[in-house]
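With the first letter of the sequence shown counted as 1, position 307 gets the number 306 in numbering that gives the first Met the number 0; the numbers rise by one all the way through. Built from N, CA and C at the ideal position, the CB exists for glycine as well. Here's the structure we're looking at; comments come further down.
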Amino acid sequence: MSMIAEPFGVVDGQTVERFTLRGAQGIEAQIITYGGTLVSLRAPDRHGRPGDVILGFDTLPPYLHNPAYIGSIVGRFANRIANGIFTLDGTTYHLARNHGAHHLHGGAVGFDQVIWKARPLADGDEPALELTYVSRDGEEGYPGNLTVVVTYTLTGDGALRIDYDATTDRATIVNLTNHAYFNLMGAGDILHHELQLCASFFLPVNATLIPTGEIRAVRGTVMDFTTPIAIGTRLDSDDEQIRNGLGGYDHTWVVDGVAGELRPAARLVDPVSGRVLDVLTTQPGIHLYTGNSLDGTMTGRNGHVFTKYAALCLETQHFPDAPNHPHFPSTVLRPGDVYRHTTIFHLTTL
């Protein structure tokens, strides 16, 4: 069997299931219905030895208190909305302010804290799991009944593909992503990981990590990852953007090419294990977060303590605070239209 389902725990009388998908090239993924969370992603190193390449927990309780959104689907709007306010069709909406003065990752109870309905789609060479959640009109302050379908698939060439679809019965805003934390070594930190981003521009942020509205060229700045560079070589910079990110990266880059088309966004390499992660997406942006706020209070499987720089996120998404910046790609979804995006995490070795 390439897909196995089993109980993972109980929340408010509801059983949380864990699905294990086994695919080609030794790739294995585990997803739980709580938060639609990717709890494990295993891949072989250059010697063929399997290991987890994302942070995760072996039991349900840590996911119930998961302020770092580890592995979860986040929405209705991923990332930040300034002051929890946006205006759509002449109506101003007020959202939860759950990150200082701002709205973050869907609010106080976002998609990361609900139980999704699971349906296995395939159990063969390319196992696939469909997760569905209906976000009701007014939930966390958002307008419209939003039906979200997220499909995890292990492809025949050794990749995890995530497809996001959403429809609404009333004009709303949508921005979905997965908040997996990658460490291709499986332990230690990611300072030696080498990163390349297919992005010539990034979004500068202010001291509270809200985009200023500028779209700035990366050339000649510490935001330039157009050629591979080790993460740790930049983090001691006194650059204003690094300071705003609390000593690291917490920024969105504009992916080169045409938004809506599947194209390369990032490549992450761990020279020690030889693992390589290629990220492709249809989304307009990719958000790099280097785990700057991980403070050692959480411990994952194999005793891995989640300290600063223990892992990094490559969140493919629309731009933060897009509803308040008309020149950013629109995140508005209207009745009759379909929000549809795809991201692929392709794992290989050197």
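- How many angstroms separate the CA atom of A77 from the CA atom of N177? Walking along the sequence shown from the start, residue 77 turns up at place 78. Walking along the sequence shown from the start, residue 177 turns up at place 178. Using only the alpha carbons, I get a separation of about 9 Å.
- Message: Under 8 Å: do the stretch 286-300 and the stretch 240-252 share three or more Cβ pairs, one atom per stretch?
- Response: Counting Cβ pairs under 8 Å, three or more are found: they touch.
- Coil, strand or helix - E138 by DSSP: Taking the sequence shown and counting its residues from 1, one reaches residue 138 at position 139. Looking at E138 - three-state DSSP - the assignment turns out to be helix.
- Query: In this structure, does DSSP put N174 in helix, strand or coil?
  - Reply: Here residue 174 is taken as the residue at index 175 of the sequence shown, counted from 1. The answer is strand: DSSP assigns N174 an E or B state.
- Task: State the Cα-Cα distance for the pair L196 and I3, rounded to the nearest angstrom.
- Result: Mapped onto the sequence shown, residue 196 falls at position 197. Mapped onto the sequence shown, residue 3 falls at position 4. For L196 and I3, the distance between alpha carbons rounds to 35 Å.
- For the stretch 299-337, list the beta strand (DSSP E) runs that are entirely contained and at least 3 residues long, ordered along the chain. DSSP runs (the beta strand (DSSP E)) wholly in the stretch 299-337: 304-306, 312-316.
- Message: Considering only DSSP beta bridges, list what T347 is partnered with.
- Response: For the purposes of this step, residue 347 is taken as residue 348 along the sequence shown, with counting starting at 1. DSSP output for T347 lists V275 as bridge partner(s).
- The beta strand (DSSP E) enclosing E5, as first and last residue numbers: Stepping through the sequence shown from its first residue, residue 5 is reached at position 6. Here the beta strand (DSSP E) through E5 covers 2-10.
- Query: At which residue ranges does the stretch 188-261 contain complete alpha helix (DSSP H) runs of 4 or more residues, listed in the order of the chain?
  - Reply: DSSP assignment within the stretch 188-261 yields the following whole alpha helix (DSSP H) runs of 4 residues or more, N-terminal first: 239-243.
- Query: Where in the stretch 100-136 do unbroken runs of the beta strand (DSSP E), each at least 3 residues long, occur, reported from the N-terminal end onward?
  - Reply: Segments of the beta strand (DSSP E) lying fully in the stretch 100-136: 116-121, 127-134.
- Could you tell me the boundaries of the alpha helix (DSSP H) in which Y62 lies? The residue labelled residue 62 in the question sits at position 63 within the sequence shown. Element bounds for Y62: 60-63.
- Message: Within the continuous beta strand (DSSP E) that includes D164, where are the two ends?
- Response: Your numbering for residue 164 matches position 165 in the sequence shown. Looking at the DSSP string, the run of the beta strand (DSSP E) that includes D164 is 158-167.
- With a cut-off of 8 Å on the beta carbons, I'd call D168 and N205 a contact; round off their distance for me. As a first step, residue 168 must be located in the sequence shown, where it is residue number 169. As a first step, residue 205 must be located in the sequence shown, where it is residue number 206. Going by Cβ atoms, the distance from D168 to N205 rounds to 35 Å, so no, they are not a contact pair.
- Task: Return the Cβ separation of P6 and G25 in integer angstroms, given the expectation that the two are a contact with Cβ distance under 8 Å.
- Result: Stepping through the sequence shown from its first residue, residue 6 is reached at position 7. Stepping through the sequence shown from its first residue, residue 25 is reached at position 26. At roughly 26 Å, the Cβ-Cβ gap does not stay under 8 Å, so P6 and G25 are not in contact.
- Note the first and the last residue of the continuous beta strand (DSSP E) segment covering P49. On the sequence shown, residue 49 is found 50 positions in, with the first residue counted as 1. Per DSSP, P49 belongs to the beta strand (DSSP E) from 49-51.
- Query: Would a C-beta distance cut-off of 8 Å place V217 and F200 closer than the cut-off?
  - Reply: As a position in the sequence shown, residue 217 is number 218, starting the count at 1. As a position in the sequence shown, residue 200 is number 201, starting the count at 1. Yes, they are a contact pair.
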